[in-house]
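Chemist: The structure that follows is given in the form of structure tokens.
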Amino acid sequence: MSQKNRNDNDQGVEQETPFLSHLVELRDRLLRIVGLVLVLTVALMAVANDLYYYFSLPLQGYLPEGAKMLAIGVISPVFTPFKLALIAAFFLSVPYVLHQLWSFIAPGLYQHEKKLARPLLVSSIILFYLGMAFAYYVVFPLVFEFTSNFASEGVDYRPDIASYLDFAVKLFFAFGVAFEVPIATIMLILAGITTPESLSQKRPYIIVGAFVIGMLLTPPDIISQTLLALPMWLLFEVGVIFGRIMKRKREETADETGETDEEEPPLSSEAMEAEMEAELERAIAEEEELKNSNDTDNEDNDTDRKT
Numbered sequence: 004m005s006q007k008n009r010n011d012n013d014q015g016v017e018q019e020t021p022f023l024s025h026l027v028e029l030r031d032r033l034l035r036i037v038g039l040v041l042v043l044t045v046a047l048m049a050v051a052n053d054l055y056y057y058f059s060l061p062l063q064g065y066l067p068e069g070a071k072m073l074a075i076g077v078i079s080p081v082f083t084p085f086k087l088a089l090i091a092a093f094f095l096s097v098p099y100v101l102h103q104l105w106s107f108i109a110p111g112l113y114q115h116e117k118k119l120a121r122p123l124l125v126s127s128i129i130l131f132y133l134g135m136a137f138a139y140y141v142v143f144p145l146v147f148e149f150t151s152n153f154a155s156e157g158v159d160y161r162p163d164i165a166s167y168l169d170f171a172v173k174l175f176f177a178f179g180v181a182f183e184v185p186i187a188t189i190m191l192i193l194a195g196i197t198t199p200e201s202l203s204q205k206r207p208y209i210i211v212g213a214f215v216i217g218m219l220l221t222p223p224d225i226i227s228q229t230l231l232a233l234p235m236w237l238l239f240e241v242g243v244i245f246g247r248i249m250k251r252k253r254e255e256t257a258d259e260t261g262e263t264d265e266e267e268p269p270l271s272s273e274a275m276e277a278e279m280e281a282e283l284e285r286a287i288a289e290e291e292e293l294k295n296s297n298d299t300d301n302e303d304n305d306t307d308r309k310t
């Protein structure tokens, strides 16, 4: 084998090794996440029934006097608390999950990107839990008071424990994600995808979109839909305000350091086509050059064998 072929093989190994190491690192971090969730699930299983009791307190106060929740399924008394323990373990491990993802992504970021991402990451965790707390302490009592009073005469209002769990988890997830609206708004502004002024002009459409999202993510009742849409709108306004402040600070810092955030104007369609053609010709030329070098190496190898 010629020296050039050995160098090519060495370069291929060097390119393949980092990719495999990234896959191994990703696998290890996923295993850590799964391991933590399993450990928390086993720990919560010991108090699963008590956990479900406190979890159902927002509904217990609106049941008829002396009434209790129902367990319609054959294995619901066992499976439902276990399911709650698993879901609670996942929600409790959210900070660790985000930390593992951040540790995997952070080495590929610039220093200024890390400074920007850290506070946004912490804020996203806090807002997610605030959304869940808002659903538990504000939304649940209003929804259950409305449904219990709206029940017709002769209807025994005693929900099934599995149905209540599905309903509550859906609202937890919906409000947890909805409270991430300020983070998404700030990231869109700082990434240059949009501006605070443009978002302010689109406010009517965003309000309508918030109510549509509330309709899709919440059960079919006007109370939970409104209680999800209004915080999304208010949090959007908060995101616009903080996005404007952070953008102004970035511009002031750029002026002090002499840097600029102005982007190059977009290329016209003719320029883009010319650039793509040039790139294609360059790729074809490199491929032909590589093929010719391989043919030359093969001829040299044949000559060496004959001699």
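Under this note's numbering, the first residue of the sequence shown carries the number 4, and numbering increases by one thereafter.
Beta carbons are placed, not taken as given, at the ideal position from N, Cα and C, and that holds for glycine.
1) Should Glu291 be labelled buried (16 or more other beta-carbon atoms within 10 Å of its own) or exposed?
2) Enumerate in chain order the residues of its own chain whose CB-to-CB distance from Phe149 is below 6 Å, with the five nearest sequence positions on each side excluded.
3) What distance in whole Å lies between the Cβ atoms of Val45 and Phe93, which are believed to be in contact at a cut-off of 8 Å?
4) Here's a check: name, in chain order, each residue in its chain whose Cβ is nearer than 8 Å to the Cβ of Ser126, leaving out the five neighbours to either side.
5) For Arg161 versus Leu73, is the C-beta distance shorter than 8 Å?
6) Under the rule that 16 or more other beta-carbon atoms within 10 Å means buried, what is Tyr1, buried or exposed?
7) Classify Asp169 as helix, strand or coil using the three-state DSSP reduction.
8) Helix or strand or just coil, what does DSSP make of Leu66?
9) Between Leu231 and Ala181, which are expected to be in contact by the criterion C-beta below 8 Å, what is the C-beta distance as a whole number of angstroms?
10) Is DSSP giving Asp159 helix, strand or coil here?
11) Could you say which of Pro61, Val241 and Ser166 lies nearest to Ala136 if we only look at CA atoms?
12) Within the continuous alpha helix (DSSP H) that includes Lys71, where are the two ends?
13) Out of Ala88, Gly38, Leu23 and Val77, which one is the CA nearest neighbour of Tyr55?
14) By Cβ distance, which residues of its chain are closer than 8 Å to Val141, with the 5 residues on each side in sequence left out?
15) Please list, in chain order, all residues of the same chain as Met249 whose beta carbon is under 8 Å from its beta carbon, the five residues on each side excluded.
16) With distances taken Cα to Cα, identify the nearest neighbour of Ser96 among Val37, Val81, Ser201 and Arg285.
17) Would you check if the distance between the CB atom of Pro209 and the CB atom of Phe239 is smaller than 8 Å?
18) Should Ala109 go down as buried or exposed, given a rule of 16 or more other Cβ atoms within 10 Å for buried?
Modeler: Let's see:
1) The residue given as residue 291 occupies position 288 in the sequence shown. The residue in question, Glu291, is exposed, as its Cβ has fewer than 16 Cβ neighbours within 10 Å.
2) The sequence position of residue 149 within the sequence shown is 146, counting from 1. Here the set comprises Ile226.
3) For the purposes of this step, residue 93 is identified with residue 90 of the sequence shown, where counting begins at 1. For the purposes of this step, residue 45 is identified with residue 42 of the sequence shown, where counting begins at 1. With 8 Å as the limit, Phe93 and Val45 do not qualify as a contact, their Cβ atoms being about 14 Å apart.
4) For the purposes of this step, residue 126 is identified with residue 123 of the sequence shown, where counting begins at 1. Only Pro185 and Ile186 meet the Cβ criterion.
5) As a first step, residue 161 must be located in the sequence shown, where it is residue number 158. As a first step, residue 73 must be located in the sequence shown, where it is residue number 70. Yes; because the gap between Cβ atoms is below 8 Å, this pair is in contact.
6) Any answer about residue 1 is impossible in this case: the structure gives the chain only from 4 up to 310.
7) As a working note, residue 169 is residue 166 in the sequence shown. Reduced to three states, the DSSP call for Asp169 is helix.
8) Locating residue 66 in the sequence shown gives position 63, where the first residue counts as 1. Reduced to three states, the DSSP call for Leu66 is coil.
9) In the sequence shown, counting from the first residue as 1, residue 231 sits at position 228. In the sequence shown, counting from the first residue as 1, residue 181 sits at position 178. Leu231 to Ala181, Cβ: 6 Å. Contact.
10) As a position in the sequence shown, residue 159 is number 156, starting the count at 1. Asp159: coil per DSSP, three-state reduction.
11) Taking the sequence shown and counting its residues from 1, the one referred to as residue 136 is at position 133. Here the closest residue by C-alpha is Pro61.
12) Numbered from 1 along the sequence shown, position 68 holds the residue referred to as residue 71. Premise fails: Lys71 is in no alpha helix (DSSP H) and is neither H nor E.
13) Residue 55 sits at position 52 when you count from the first residue of the sequence shown. The residue with the shortest Cα to Cα distance from Tyr55 is Ala88.
14) Counting from one through the sequence shown, the residue named residue 141 turns up at place 138. These residues qualify, in order along the chain: Leu230.
15) Sequence index remark: in the sequence shown, residue 249 carries index 246 (1-based). Once the five neighbours on either side are set aside, the close Cβ partners of Met249 are Ile189, Ile192 and Leu193.
16) The residue you call residue 96 lines up with position 93 of the sequence shown. The option with the nearest alpha carbon to Ser96 is Val37.
17) Looking up residue 209 in the sequence shown gives position 206. Looking up residue 239 in the sequence shown gives position 236. A small fix is needed here, since residue 209 is Ile in this sequence, not Pro. Yes, Cβ-Cβ distance for Ile209 and Phe239 is below 8 Å.
18) Indexing the sequence shown from 1 puts residue 109 at position 106. By the neighbour-count rule (16 or more Cβ atoms within 10 Å), Ala109 is not buried but exposed.
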